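So the structure is just underneath, and the comments pick up after that.
Following this line, the structure appears as structure tokens:
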């Protein structure tokens with residue numbers, strides 16, 4: 001069919017529902033978010049809050065690009081966080097690339113399903129053109145059933161891949177990006193602390209105490225952020241591995257079952273075709 005094929009696939013809202021369900025489950029079982037009043041109101045209040053449209057202009061985009069460069073070049077005093085930030089930045093790229101590549105793989109399966117459907121139509125047309133030639137009609141009927149099953153099998157494979165590994169890759173591509181934003185916020189706080197220390201050193205005697213108070217407050221905020229970030233990173237990595245393992249297992253089980261069903265159908269069709277005297 002080619003990459004330019006105009007094969008349309010209907011919206012699978014069930015995939016979105018499962019993604020939201022997974023996200024909410026992670027929130028509810030989270031040791032901190034699970035007790036959040038904001039989350040409780042979101043789940044229990046019938047009326048949704050008014051939406052605020054956020055517009056990001058070119059200035060905001062440029063600012064973000066500059067901030068990303070600043071954070072990447074900043075040397076963290078904690079080597080574990082520094083290495084985690086560098087590795088996670090690469091993971092963001094890899095996760096997005098993996099999600100995109102897997103989606104192309106799924107799209108190819110949809111194209112195969114559509115191609116088998118076209119074969120079915122062609123076989124129907126052959127029977128119509130041949131008139132009442134019984135043997136040809138029987139052979140085309142056998143091939144038609146095989147093409148029908150192949151089309152359905154490709155469609156099922158594409159759907160299962162989308163709902164398992166495809167959905168998991170998309171979810172954790174977003175989660176990995178969120179982790180990077182968390183790590184960058186900690187870097188901004190480090191930069192803020194570095195600036196506060198310089199201001200304290202340069203402060204005049206009458207402003208020394210004020211500069212020290214500001215520096216101590218930033219140090220406490222940084223300490224709190226670090227204490228929160230460490231278990232979050234461990235939890236994220238653990239959940240990501242378990243989610244990937246589960247998705248791979250589900251994909252493998254599904255495709256093994258479909259392959260066995262397909263083998264039975266195609267073997268039967270081949271046997272029937274062999275017995276025909278054309």
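Residue numbers (the UniProt record's numbering): 1 to 278. By construction, the Cβ of each residue, glycine as well, lies at the ideal position given by its N, Cα and C atoms. Since this is a predicted model, take the numbers as computed values, not measurements.
Check	Outcome
Given residue 223 as reference, the closest of 254, 190, 195 and 16 once Cα atoms are compared	190
Residue 30, DSSP secondary structure in three states	coil
Rounded straight-line distance, which links the Cα of residue 42 to that of residue 1	Any reading at residue 1 must be qualified, since the residue scores a pLDDT of 47, below 50, and its modelled position is unreliable; the value itself is stated next. Their Cα atoms are separated by approximately 45 Å.
Run of the alpha helix (DSSP H) containing residue 48, from where it starts to where it stops	Counting along the chain, residue 48 falls outside any alpha helix (DSSP H), and DSSP gives it neither H nor E.
Residues near residue 169 by beta carbon distance below 6 Å, same chain, minus five either side	98, 99 and 102
C-beta contact flag for residue 116 and residue 167 at 8 Å	no
Residue 225 - containing alpha helix (DSSP H), residue span	205-275
Identity of the residue in 81, 46 and 143 nearest residue 273 by Cα	143
Inter-stretch contact at 8 Å, needing at least 3 Cβ pairs: the stretch 181-190 / the stretch 223-235	yes
Same chain, Cβ closer than 6 Å to residue 74, neighbours up to 5 away in sequence not counted	187
Residue 15 Cβ short of 7 Å to the ligand MN heavy atom set	This structure simply doesn't include the ligand MN, nor any ligand for that matter.
Nearest-angstrom beta carbon gap, residue 96 and residue 173 [assumed within contact, 8 Å]	5 Å
Same chain, Cβ closer than 7 Å to residue 156, neighbours up to 5 away in sequence not counted	258
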